[in-house]
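*Asks:*
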Amino acid sequence: MGEQVGPESNRVLSIVVDGKATTLTFVPTSGSITVTSGKKRSSQLTARDVLWTEVEEGKVEFSCVLRDSKRRGSLVCLEGTLGTDDKGSASQWCEDVLQAAYAGVKRRPRFNIVINPHGGQGKARSIWTKKVEPIFKAARCTYDVIITEYSKHACEIAKNMKLDCYDAVVILSGDGLIHEIINGFAEHEDSKKAFAIPIAPIPTGSGNGTSINILGLEDGFDVHIASLNALKGKPMKADVSALTQGGKRVLSYMTQAVGLMAELDVGTENLRWMGDTRFMVGFLRGLIYMNPCPITVSMKVADQDKPRMAAALRASRPADLEDQAKSASEPNGIYQNGHTDAPPTPSFGGEIDEDGWLTFDKPFLFLYAGKGPYVGRDLMQFPVSLASDGLIDIVLQELTSRAELLRAIDGGEKGTPYWMNSSHYFKAHAYRVAPHSDKGLLTVDGESYPFEPYEVEVLPGLATFLSPTGRYASDFDFGKDRLPVQVETKPIEKSKEAEGSGPFHDLFRCCFP
Numbered sequence: 001m002g003e004q005v006g007p008e009s010n011r012v013l014s015i016v017v018d019g020k021a022t023t024l025t026f027v028p029t030s031g032s033i034t035v036t037s038g039k040k041r042s043s044q045l046t047a048r049d050v051l052w053t054e055v056e057e058g059k060v061e062f063s064c065v066l067r068d069s070k071r072r073g074s075l076v077c078l079e080g081t082l083g084t085d086d087k088g089s090a091s092q093w094c095e096d097v098l099q100a101a102y103a104g105v106k107r108r109p110r111f112n113i114v115i116n117p118h119g120g121q122g123k124a125r126s127i128w129t130k131k132v133e134p135i136f137k138a139a140r141c142t143y144d145v146i147i148t149e150y151s152k153h154a155c156e157i158a159k160n161m162k163l164d165c166y167d168a169v170v171i172l173s174g175d176g177l178i179h180e181i182i183n184g185f186a187e188h189e190d191s192k193k194a195f196a197i198p199i200a201p202i203p204t205g206s207g208n209g210t211s212i213n214i215l216g217l218e219d220g221f222d223v224h225i226a227s228l229n230a231l232k233g234k235p236m237k238a239d240v241s242a243l244t245q246g247g248k249r250v251l252s253y254m255t256q257a258v259g260l261m262a263e264l265d266v267g268t269e270n271l272r273w274m275g276d277t278r279f280m281v282g283f284l285r286g287l288i289y290m291n292p293c294p295i296t297v298s299m300k301v302a303d304q305d306k307p308r309m310a311a312a313l314r315a316s317r318p319a320d321l322e323d324q325a326k327s328a329s330e331p332n333g334i335y336q337n338g339h340t341d342a343p344p345t346p347s348f349g350g351e352i353d354e355d356g357w358l359t360f361d362k363p364f365l366f367l368y369a370g371k372g373p374y375v376g377r378d379l380m381q382f383p384v385s386l387a388s389d390g391l392i393d394i395v396l397q398e399l400t401s402r403a404e405l406l407r408a409i410d411g412g413e414k415g416t417p418y419w420m421n422s423s424h425y426f427k428a429h430a431y432r433v434a435p436h437s438d439k440g441l442l443t444v445d446g447e448s449y450p451f452e453p454y455e456v457e458v459l460p461g462l463a464t465f466l467s468p469t470g471r472y473a474s475d476f477d478f479g480k481d482r483l484p485v486q487v488e489t490k491p492i493e494k495s496k497e498a499e500g501s502g503p504f505h506d507l508f509r510c511c512f513p
């Protein structure tokens, strides 16, 4: 029997499921739902976990993504009967729950599903059929499904996408397909509108750093939770980097790597069957050889003070979920339009020219630049990265002992390598790399590129992802004893490069005139 007393009282719905009396109690003030069946232990969930509920011909349908004792998500569907006299109150109960379940987001969204059947361990198609599609069906979604057939196919899909037909692009693959979609959007006839279409990754590849960055370590590999994020997530703006090399331009939404970290990407292709474990195997193999990468690096640095950058990250995090939802479509706070006013200081041999570019001309073990804290489940390489601060995070790893690098593995998922003295960390508007030889490796979002001079600049807030919190999810080891008591910030003038004099800003002006 449905029961409601007063606008703020609990809503109770009683039904019979498989001959057992089942009670569903909805608490509007907290959004919590308790499902009790017979003498079994109650199940607890929130309205956000609800996919759909309705009454039809005396039957109640209720579907949700429910976590088990190990915090793994699974699809649960209940169908029960109720007396005819209870239909009105039961319908109201369902509507109240749906209003809470889809607060601030659209019910029955329209998705363009892009599946890479060969990514990672090659299970994307079966994961779609067995796990993801049933969730979308339960939520009453409409969707089109495209299976990629060849390299760069997703780029063509994005380039020719009918934008008015979809609310989001859902990608079943690793990080590589997202790279293709973003570059396809750049070629779309209405690129500004295309980049406003949110991307929702569902992890089925060997590299799933984007999913971890959005959902966190606990949920980053859970396709049920990722599917729920596609339904309930809110748009989060994210910076994209424009890389120019030899007159050609490409968008990089995640990482650029030179040296050891590039070897992890291209040197472990034959180990894709291992999933993301292949990157740890590649790292250990790289430590055997410790090959330096002789390059000249120049950066337009915004900040390189580690305690201050860590404190800025902490200050950027909203205090509650309401603030998180508000921040989802806004630039991140402390570095917006500038940074702390302390000038960059030369370190370990760097020199600053009159235009403020900091240059290093010496061998490193690797250069790693990117957006998003995690590059894999075992490594939070850019722990103070913010989604839309208008800056790219850069790590220059000095040649050091194998013992120190091995010790850094412990705590890598917490970002503890950030505090290593031999790991030099920068936030920059732009940077350039000039190799000293033609023997080396460069990867962009995990894909191999010629080891030739290139430059990178940031296009602020160009891409859009769906996120439950409006920020990157990370559990960074802040190192409380290292943080300053407070952070004073002043907006500064943007560098000439940041204002739009670089070679890729013609696209940026097209997207955001």
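Its first residue numbered 1, the sequence shown is counted upward by one per residue in the working numbering. All C-beta atoms in this analysis are idealised placements derived from N, C-alpha and C, irrespective of residue type, glycine included. Just so it is clear, the structure is predicted and the values come from calculations on it, not from any experiment.
(1) Suppose contacts are defined by Cβ-Cβ distances below 9 Å. Is VAL35 in contact with LEU45 by that definition?
(2) Among ARG308, GLN245 and CYS141, which one has its Cα closest to the Cα of ALA230?
(3) When we look at the beta-carbon of GLN428 and count the other beta-carbons within 10 Å, is it buried (16 or more) or exposed?
(4) With distance defined between alpha-carbon atoms, name the residue in LEU466, PHE476, CYS155 and ILE171 nearest to LEU215.
(5) Report the residue from THR464, ILE212, PRO235 and MET290 whose alpha carbon sits nearest the alpha carbon of ARG377.
(6) Given a cut-off of 9 Å on the beta-carbon distance, is the pair GLU79 and VAL65 in contact?
(7) Skipping 5 residues on each side, what residues in its chain have a beta carbon closer than 7 Å to that of LEU217?
(8) Can you give me the Cβ contacts of LEU172 inside the same chain, cut-off strictly under 6 Å, excluding the 5 residues immediately before and after it?
(9) Please list, in chain order, all residues of the same chain as MET309 whose beta carbon is under 6 Å from its beta carbon, the five residues on each side excluded.
(10) Have a look at GLY58, ASP144 and GLY415 and flag the residue whose alpha-carbon is nearest the alpha-carbon of ASP86.
(11) When the distance is taken between beta carbons, is PRO198 closer than 9 Å to THR464?
(12) How would you call ARG107, buried or exposed, if buried means at least 16 neighbouring beta carbons within 10 angstroms?
(13) Extract the residue ranges of the beta strand (DSSP E) inside the stretch 402 to 441, only unbroken runs of 3 or more that lie entirely within it.
(14) For ASP393, tell me which candidate among LYS39, GLY282 and HIS424 has the shortest Cα-Cα distance.
(15) What is the DSSP secondary structure of THR469, counted as helix, strand or coil?
(16) Starting from GLN99, trace the alpha helix (DSSP H) in both directions and tell me its first and last residue.
(17) Counting only the same chain and skipping the five closest in sequence on each side, list residues whose C-beta sits under 8 Å from that of ASP18.
(18) For SER227, which of LYS371, LYS130, SER32 and LEU405 has the nearest alpha-carbon?
(19) Which complete beta strand (DSSP E) runs does the stretch 146 to 181 hold, if anything under 3 residues is left out?
(20) Based on the DSSP output, what are the partners of ARG67 in its beta bridges?
(21) Determine the direct distance from the alpha carbon of TYR431 to that of LYS193, and round the result to whole angstroms.
(22) Which class does ASN112 belong to by DSSP, given the choice of helix, strand or coil?
(23) Between the alpha carbons of VAL258 and TYR368, how many angstroms are there, rounded?
(24) What does a CB cutoff of less than 6 Å around THR25 pick up in its chain, not counting 5 residues either side in sequence?
(25) Just to confirm my understanding: we take GLY415, look at its own chain, exclude 5 residues before and 5 after, and list those with CB closer than 6 Å. What are they?
(26) Report buried or exposed for ASP341, applying the criterion of at least 16 other Cβ atoms within 10 angstroms of its Cβ.
(27) Taking PHE136 as part of the alpha helix (DSSP H), name the residues at either end of that continuous run.
(28) Among the candidates ILE181, MET161 and ASP389, whose CA atom is the shortest distance from the CA of GLU189?
(29) Using the three-state DSSP reduction, which class does PRO307 fall into: helix, strand or coil?
(30) Considering only their Cβ atoms, is the gap separating MET254 from GLY372 smaller than 9 Å?
(31) Does the distance from the CB of TRP93 to the CB of THR29 come in under 9 Å?
(32) Please classify THR29: does DSSP put it in a helix, a strand, or coil?
(33) Once the 5 residues before and after LYS20 are set aside, which same chain residues still bring their CB inside 8 Å of it?
(34) Quick one: measure Cβ to Cβ for PRO292 and PHE364, integer angstroms, because I've assumed they're closer than 8 Å.
(35) Kindly give me the distance between the Cβ atoms of VAL514 and LEU243, rounded to whole angstroms, as I take these residues to be in contact under 8 Å.
*Replies:* From the atom records:
(1) yes
(2) Per the Cα distances, CYS141.
(3) Contrary to the premise, residue 428 reads as Ala rather than Gln in this sequence. Buried.
(4) LEU466
(5) The option with the nearest alpha carbon to ARG377 is ILE212.
(6) no
(7) ARG377, GLU413 and ASP475
(8) Around LEU172, the same chain offers ILE115, ALA124, TRP128, ILE202 and THR204 as residues with beta carbons nearer than 6 Å, after the five sequence neighbours per side are excluded.
(9) The answer, listed in chain order, is ASP303 and VAL384.
(10) GLY58
(11) yes
(12) exposed
(13) Those beta strand (DSSP E) runs which fall completely within the stretch 402 to 441 and span 3+ residues are 423 to 435.
(14) HIS424
(15) coil
(16) GLN99 -> alpha helix (DSSP H) spans 87 to 101.
(17) none
(18) LYS130
(19) You should have 168 to 173.
(20) Residue pairing by DSSP puts ARG67 in a beta bridge opposite GLY73.
(21) 28 Å
(22) strand
(23) CA-CA distance, VAL258 to TYR368, rounds to 7 Å.
(24) Here THR25 has ASN10, VAL12 and THR34 as same chain residues with Cβ atoms under 6 Å from its own Cβ, once five neighbours each way along the sequence are excluded.
(25) MET380, PRO383, PHE476 and ASP477
(26) Bear in mind that a pLDDT of 45 at ASP341, under 50, signals an unreliable position, so the model cannot answer this.
(27) 133 to 138
(28) MET161
(29) helix
(30) yes
(31) Against a cut-off of 9 Å, the Cβ pair of THR29 and TRP93 comes out as no contact.
(32) Coil.
(33) SER37 and GLY38
(34) So it is a contact: roughly 7 Å between Cβ atoms.
(35) Only positions 1 to 513 of the chain appear in this structure, which leaves residue 514 out of reach.
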